[in-house]
Amino acid sequence: MKKLGICWEGMERQFEDLLAGQALRFTPLRYLEIGVCHCETTQGAYHILKESLGSFDFDVVAVDLEDDPEPSFVIQARKDRRITRVIGESERFLPTISKPFHFVLIDGCHSERCATVDFLNVEKLSIVGTIVLFHDFQESAQGGDIQGHCQKPIGVRDAVKKLGLMDGTRPRWKRLSDLKGDPKLGGADCGVFQRI
Ligand SMILES: C[S@@+](CC[C@H](N)C(=O)[O-])C[C@H]1O[C@@H](n2cnc3c(N)ncnc32)[C@H](O)[C@@H]1O
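Each residue of the sequence shown is one higher than the one before, starting from 42 at the first, in our numbering.
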C-alpha cells in the first residue's frame, strides 16, 4: 500500500484500487492533481501507475501555487518524461491545456468558488469514464479552515451540490462511492464522480 499525502489516512487502499482500475481502462492514463503540496500523493500515484501498468505508459500533471523543493522522485520522473510540474494557479493553467485526463484529484484551494472553478475547467478536459475526486469532502470539514488562496472556508460540498453532482442532476456525471478516511488518524474523505 502506497503512502499518500495530507489527510489520506484510511483511504490509501481505496485510492490505489480506484487508480489502478482506471489505469487498466485507459492507456496511456493521464493523471492530474490540483494542489500537490509536497507531492506525497503524486508520488504514491506515480508508483501505483508504474506498478499496475508495469511500464511508463502514463502521464502525471501536478499543479500547485507553491514552488516547493523538488522531491527526488519528480527529478527521476521528469527524466522519464512522465511528469509535468506546473507552478501557478490552477484556474490560469487548466484553460491552457487541451489533452483530456482520465483521473483527476481536486485538492487545491477548497473554497466553494475555487472547487467549482476547478471542476468546471476539469469537466472540459474529461472524457467518458474520467474519474474526478474532491478531497476534504466530509461534512465535518465544511465551513472550517480558511483557505490561504482566497481567504474563504472549505466549501467543497456546497460546490458539489450546486454543480448538480451530489443529486445526479448534472448531465453526463454520476456519483460513485466516497473514499472514506479514518478520522481518528486524521484522514479526510473524497467525493468521487465519473463522467458517463
Ligand atoms: C491540501 S494541499 C494538497 C495536498 C496534496 N494533494 C496531498 O495529497 O498531499 C493544498 C495545496 O493546494 C495549493 N493551492 C491552493 N490554491 C491553489 C490554486 N488556486 N491553484 C493551485 N494550487 C493551489 C496549495 O499551495 C497547497 O499546496
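All residues carry an ideal CB built from backbone N, CA and C; glycine is no exception. These figures come from a predicted structure and were not determined experimentally.
If I'm right that valine 127 touches isoleucine 147 with Cβ under 8 Å, what's the distance once you round it to whole angstroms? By 1-based counting over the sequence shown, the position of residue 127 is 86. By 1-based counting over the sequence shown, the position of residue 147 is 106. Going by Cβ atoms, the distance from valine 127 to isoleucine 147 rounds to 15 Å, so no, they are not a contact pair.
By a C-beta neighbour count over all protein chains shown, 10 Å radius and 16 as the cutoff for buried, is methionine 52 buried or exposed? For the purposes of this step, residue 52 is taken as the residue at position 11 of the sequence shown. Buried, by the Cβ-count rule.
Go to phenylalanine 114, then tell me how far its alpha helix (DSSP H) extends in each direction, as first and last residue. For the purposes of this step, residue 114 is identified with residue 73 of the sequence shown, where counting begins at 1. Start and end: 113-120.
Selected residue, minimal CA-CA separation from histidine 88, among Glu107, Glu57, Ile75 and Glu74: Your numbering for residue 88 matches position 47 in the sequence shown. Closest option to histidine 88, Cα to Cα, is Glu57.
Count the C-beta pairs between the region 177-194 and the region 149-157 that are closer than 8 Å, then say yes if the count reaches three, no if not. yes
Once the 5 residues before and after arginine 54 are set aside, which same chain residues still bring their CB inside 6 Å of it? Within the sequence shown, the letter at position 13 stands for residue 54. Closer than 6 Å at Cβ, skipping near neighbours: Met42.
What separation, rounded to the nearest whole angstrom, lies between the Cα atoms of isoleucine 80 and isoleucine 138? Position 39 of the sequence shown holds residue 80. Position 97 of the sequence shown holds residue 138. Checking the sequence shown, residue 80 turns out to be cysteine, not isoleucine. Using only the alpha carbons, I get a separation of about 21 Å.
For alanine 229 versus tryptophan 49, is the C-beta spacing smaller than 9 Å? Your numbering for residue 229 matches position 188 in the sequence shown. Your numbering for residue 49 matches position 8 in the sequence shown. Yes.
What ranges does the alpha helix (DSSP H) occupy inside the region 156-217, keeping only unbroken runs of at least 4 residues that lie completely in it? 197-203
Three or more C-beta pairs under 8 Å: does that hold for the region 118-134 against the region 58-66? no
Would you say the beta carbon of threonine 82 is closer than 8 Å to some non-hydrogen atom of ligand 1? As a first step, residue 82 must be located in the sequence shown, where it is residue number 41. Yes; taking the cut-off as 8 Å, the Cβ of threonine 82 has a heavy atom of ligand 1 nearer than that.
Measure from the alpha carbon of arginine 213 to the alpha carbon of each residue in Arg71, Val197, Lys165 and Asp109, then state which is nearest. Here residue 213 is taken as the residue at index 172 of the sequence shown, counted from 1. Nearest C-alpha to arginine 213: Lys165.
I think cysteine 231 touches cysteine 191, with their Cβ atoms under 8 Å apart; what is that distance to the nearest whole Å? Position 190 of the sequence shown, counting from 1, holds the residue named residue 231. Position 150 of the sequence shown, counting from 1, holds the residue named residue 191. Going by Cβ atoms, the distance from cysteine 231 to cysteine 191 rounds to 21 Å, so no, they are not a contact pair.
Collapsed DSSP secondary structure at alanine 229 in the structure displayed: As a first step, residue 229 must be located in the sequence shown, where it is residue number 188. Residue state, collapsed to three classes: coil.
Apply the 10 Å Cβ neighbour rule to aspartate 105 and answer buried if 16 or more other Cβ atoms are within range, or exposed otherwise. Working through the sequence shown from its first residue, we reach residue 105 at position 64. When all chains shown are included, aspartate 105 counts as buried.
Look at the alpha carbon of alanine 118 and the alpha carbon of glutamate 107, and state the distance between them as a whole number of angstroms. Residue mapping note: residue 118 aligns to position 77 of the sequence shown, counting from 1. Residue mapping note: residue 107 aligns to position 66 of the sequence shown, counting from 1. Looking at the two C-alpha atoms, the distance is approximately 19 Å.
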